[in-house]
Amino acid sequence: MTLTAISSNLLYTAFIAYLIATFVFGGAVKGNKKGTFDSEQRWGKAAIAITIFGFLANLGYFFTRWTVSGHAPLSNMFEFTTAFGMTLVGGFILIYFLYKTAVLGMVVLPVALLIIAYASMFPKEISPLIPALQTNWLTIHVSTVVIAEGILAISAAAGLIYLLKVVDLTKKSKQRFWLETILYTLVLVLGFIISSSYFALTNYEANFQYVNKDGQEASVTYNMPPVFGMNESVPATEETLTPFMETPPLIDARKLTTITWSLLVGTVLYVLIRVVTRRWISQLLQPMMRNVSTQLMDEINYRAVIIGFPLFTLGALVFAMIWAQITWSRFWGWDPKEVWALITWLFYAAYLHLRLGKGWQGEKSAWLGVIGFAIIMFNLIVVNLIIAGLHSYA
Amino acid sequence: MEKTQCKCGYVNPPGTNLCETCGRSLTEKEQNKLLADMRYEGVARRSQTYNKSIIDKVWNFFSSVKVGVGLIVVILIAAAIGTILPQHMYVPATGETAIKAYYSDVYGSIGRVYHFLGFHDMYSSVWFIVLVGMLAISLIIASLDRFVPLYRSLKSQRVLRHPSFMNKQRIYGQGPGADDTLHKAEAKLKELKYKVRMDKNGLLAEKGRFSRWGPYVNHIGLIIFLSGVMLRMIPGFYVDETLWLREGETRAIPEAPGYSLENLKFKVETYNGEGEDARFSEAIDRVGTVVKNYQTDVVLYQQPEGSLPGATENLEFVKEYPLRVNQPLKFDGYAMYQMDYKLDELKTMTFALTDQQTEESLGELTIDLINPDERYELKNGSTVELLGYYPNFSGFENGEPQTASPLPDNPGFLVEMTTPTTPKGETSFITIQNTIEPFGDNQYKLTFQSAETRNVSGLTVRKDRTLPILGLGGFIFMIGVAQGMYFNHRRFWLQQTDNGDILLAGHTNKNWYSLKKDLDQVSEYALLPAFTDQQEDMEKEGKPQS
Ligand code: HEM
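Just so you know, the protein sequences line up as chains A and B, in that order. Read left to right, the first sequence gives residues 0 to 393 (our numbering). Read left to right, the second sequence gives residues 409 to 954 (our numbering).
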């Protein structure tokens, strides 16, 4: 087996281990019936052992890939996003040893699974570095950012658990609506993964010629049946579906098509869950949160920000500026990616001030933690794929 | 407002809530609380005390955390709006009108509105800068408002506090003690690295006071950073110039008096997917070519002392350097960066002067497209005179040829050819594609033979004397953040009353759990009375905390 093959097998191993650990953590939470923590302890031990095994495999993937390519695997969308999933699990393991919270594993691991699966929808081959990326500062900058974001995501997970426990789901309220929206969004990610995997496995491909926004001829390959067509597009492959609608040149119809399929599949899935169980997803999860200590979740939420914020400052601002100064001759250029790192940082600064100065703890802090994660994901997904900038990985 | 004298005799500044020396509650509101508000030690903050003059109002506005967070959020939203469409520096258009047209052509009415509102230049707009300025003012005022009185109060705090201060602390205990209780407690606390002070029948143990300065230190770091950014507007602190340098050319470096740079060679290398690069072959197959290296081999020269500015003779060699992306050339506080390039710019063009009928050649001439000669002598006394040269010919205006730029992208030549058979001379206008004979048919023409090209390298010259200031600001910020977040300020007060009872109180600004652990250790050794966490008790009983 080549090192490249070993590397990707290690990633599969990690994925499977996280999947199993999710259910074992679920067992730990269920086993803890009347707050007797004995069985939580026993199941919890097994679950964390499996998680650590998966994490080691994940590290194995990371370092073997590094060996093969000669640079840290943090240089494209697949690599960066996978690393984010990995640091999320790493952050969870750290917190688990401090607080022994099985329920956190039950929430963090599925999210990490979604993130890794999402990552593998992007081109996975080992790619060479363009000149701007050939510097150790890139490795230092991106690895610090990805660790910081992994830890900040733990804050969101603790916040989510807090909300699942305290939000009253029997009455109609803004809180209930938004909580369910968060869960629905996670299902949509699953929709993206399912639809992309399905069309990839069936080798779907359709080619078109079109006129781009600068008025030039260009070609495009769809990997999903084209719902939307590019500006003045003409099929280049035979027997392709005719797009239902053509978009103006400014809008990338291929991306819009992917988004549409993901929304479609995700929504169908969500509706299925609702119909089969006759419950909201938040209602399905709430009983599992019965024995959760809200104080502890609030503590984890805050702790994670306290560790994550300085790290994020270092990685996303300080190291990023050093890199930009060396590479682009200016430490700051108001590139969208930079601006969104600044926005994330400002947001967490506001979180800290509200908590310290205005006493925003408990539920308010929990919401802020979740919103912080949403901003991080926005930067990762929307800014990378839609608002293209210098850092664009797409 | 008047100064308040406490029962203990100490005269406190107006607006004080807890006496700075003994800790008695001074205001009625404070007296009615079950727990003392220890946030800022009950000191008098200017913003909480005065609200009369306009200065008071401005001060109070900027010292409020609500306003501070408000400013942060508004800046955050403005920053986000600036990413909806690309900023003007990232669009392929130069000049006000062209940029305006670009937004409306490419983004339609949304683009027009975006441009109209000035969002295309968000981050240097006046109001964005004003917002950041207000943030800076808020940082300064909010910090001063809290830091100054807090510092004074912590500095002058007394060991012996009034019992009413002790029993309003969150950690409180009371019970019988022995003769050596205080001394044993002192010994244990010192072992736990507390600074301990004794005064008569009292003890104050304190640890990590410096962590209270964390927020103020980090705010100072931010202020230093922002002042560094402002300094760049002062001439001399900041240089940002572009230098286009052709292969073989030597030019003075703009804004770097006395220095010149020669371009020996510029090259672009790509990954070929073989050998070392075989591991990347799959990716290269998918995306086509991937660039591996942009490099200009340069030589840096310096003028000898005392020579005329701009003179390029007698240059002294300084160093030879392969200038690559990520490896700027540094000298004397300047840095030169590989930023851009143009491959195969025309260098020279060679023509033959030929008879249109016989195709007989009277010889060749080579025109240097950067510094063309005015006259070219050929065989038998024939000459070609260059009447006009248009490096980037863009058409005629009022019959005059025009050039769009001084770069030889589309050279046009207006020539007069004189030969023994045509002594009066014939005029012709030549471009790459065609030849125009403005005064009727000519006998001779210039026939294109060959062209030489070379690469041009685009370099950025940068000097930024603010970088050390920015670095210092960032460093201080990080120190302040760590100082405030990873350390905490813990205090214990012990007092033995005349009848031998021990009063015990504890306070920390963060992390009560560790404080209690410390106290447990001391209690075990010195047999202190049991203590309670009064806030937790109140929460359990469902009383509102105040
Ligand atoms: C980008 C801007 C800012 C950043 C990054 C920042 C950062 C921080 C940090 C990290 C802390 C310590 C938090 C903790 O220990 O949990 C803090 C505290 C604080 N900040 Fe800021 N800050 C900013 C702007 C402001 C502004 C505009 C104000 C004005 C009201 C302000 C007022 C305060 C106050 C009052 C504290 C608490 C001090 C204390 O209670 O001891 N900050 N800040």
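Glycine included, every Cβ here is placed at the ideal spot set by N, Cα and C.
Smallest Cα separation from residue i: which of the options?
| i | options | result |
| --- | --- | --- |
| B:ASN800 | B:THR650, B:ILE507, B:ALA812 | B:ALA812 |
| A:ALA199 | A:ALA155, A:ALA147, A:THR257 | A:THR257 |
| B:ASN896 | B:GLU410, B:PHE470, B:ALA691, B:TRP621 | B:TRP621 |
| B:ARG862 | B:GLU657, B:ASN425, B:TRP901, B:LYS441 | B:GLU657 |
| B:ALA444 | B:PRO571, B:ALA664, B:ASP926 | B:PRO571 |
| A:LYS99 | A:THR3, A:PHE61, A:PHE54, A:ALA48 | A:ALA48 |
| A:SER195 | A:ASN300, A:THR184, A:PHE176, A:ASN222 | A:ASN222 |
| B:LEU770 | B:LEU761, B:LEU651, B:ASP776, B:LEU777 | B:LEU761 |
| B:GLU834 | B:GLU824, B:SER635, B:LYS415 | B:GLU824 |
| A:ILE250 | A:GLY228, A:ASN202, A:VAL233 | A:GLY228 |
| B:HIS627 | B:LEU880, B:LEU912, B:ASP945, B:LEU795 | B:LEU880 |
| B:LEU562 | B:ARG898, B:GLN904, B:LYS948 | B:ARG898 |
Looking at the C-beta of residue i, does it have a partner C-beta in chain A at a distance below 8 Å?
| i | result |
| --- | --- |
| B:GLN495 | yes |
| B:TYR510 | no |
| B:PRO736 | yes |
| B:ARG898 | no |
| B:ARG617 | no |
| B:GLY490 | yes |
| B:ALA595 | no |
If you run the structure through DSSP and keep just helix, strand and coil, what is residue i?
| i | result |
| --- | --- |
| A:ILE129 | coil |
| B:ALA760 | strand |
| B:ALA486 | helix |
| A:SER119 | coil |
| B:ARG873 | coil |
| A:PHE330 | coil |
| A:ASN57 | helix |
| A:THR134 | coil |
| B:GLY656 | coil |
| B:GLN711 | coil |
| B:PRO952 | Annotation note: pLDDT 47 at B:PRO952 (below 50); position unreliable, no value reported. |
| B:ILE661 | coil |
| B:ARG732 | strand |
| A:GLU124 | coil |
| B:ASP553 | helix |
| B:GLY807 | coil |
| A:GLY84 | helix |
| B:PHE645 | coil |
| B:ASN626 | helix |
| A:TYR203 | coil |
| A:PRO335 | helix |
Residue i: beta carbon under 7 Å from a heavy atom of the ligand HEM?
| i | result |
| --- | --- |
| B:SER546 | yes |
| B:ARG454 | no |
| B:HIS627 | yes |
| B:ILE887 | no |
| A:LEU55 | no |
| A:LEU159 | no |
| A:HIS352 | yes |
| A:VAL210 | no |
| A:VAL23 | no |
| A:ARG289 | no |
| B:VAL556 | no |
| B:ILE631 | no |
| B:LYS431 | Per the sequence shown, the amino acid found at residue 431 of chain B is Gly instead of Lys. Outside the cutoff, so no. |
| B:SER472 | yes |
| B:ILE884 | no |
| B:ALA550 | yes |
Is the Cβ of residue i closer than 8 Å to any Cβ of chain B?
| i | result |
| --- | --- |
| A:SER328 | yes |
| A:ALA348 | yes |
| A:TRP65 | no |
Less than 7 Å separating the Cβ of residue i from some heavy atom of the ligand NAD?
| i | result |
| --- | --- |
| B:MET893 | You won't find the ligand NAD in this model; what it holds is the ligand HEM. |
Which residue spans inside the region 338 to 389 of chain A form an unbroken alpha helix (DSSP H) run of at least 4? 362 to 377
Enumerated in chain order, which unbroken segments of the alpha helix (DSSP H) with a length of 4 residues or greater are wholly contained in the region 418 to 460 of chain B? The region 418 to 460 of chain B contains these whole alpha helix (DSSP H) runs: 436 to 439, 454 to 457.
Segments of 3+ residues assigned as beta strand (DSSP E) that fall wholly inside the region 884 to 937 of chain B: List check, beta strand (DSSP E) in window: 898 to 904, 909 to 916.
Give, in chain order, every unbroken run of the alpha helix (DSSP H) that is at least 4 residues long and sits entirely within the region 236 to 320 of chain A. Here the runs fully enclosed are 252 to 276, 280 to 284, 293 to 311.
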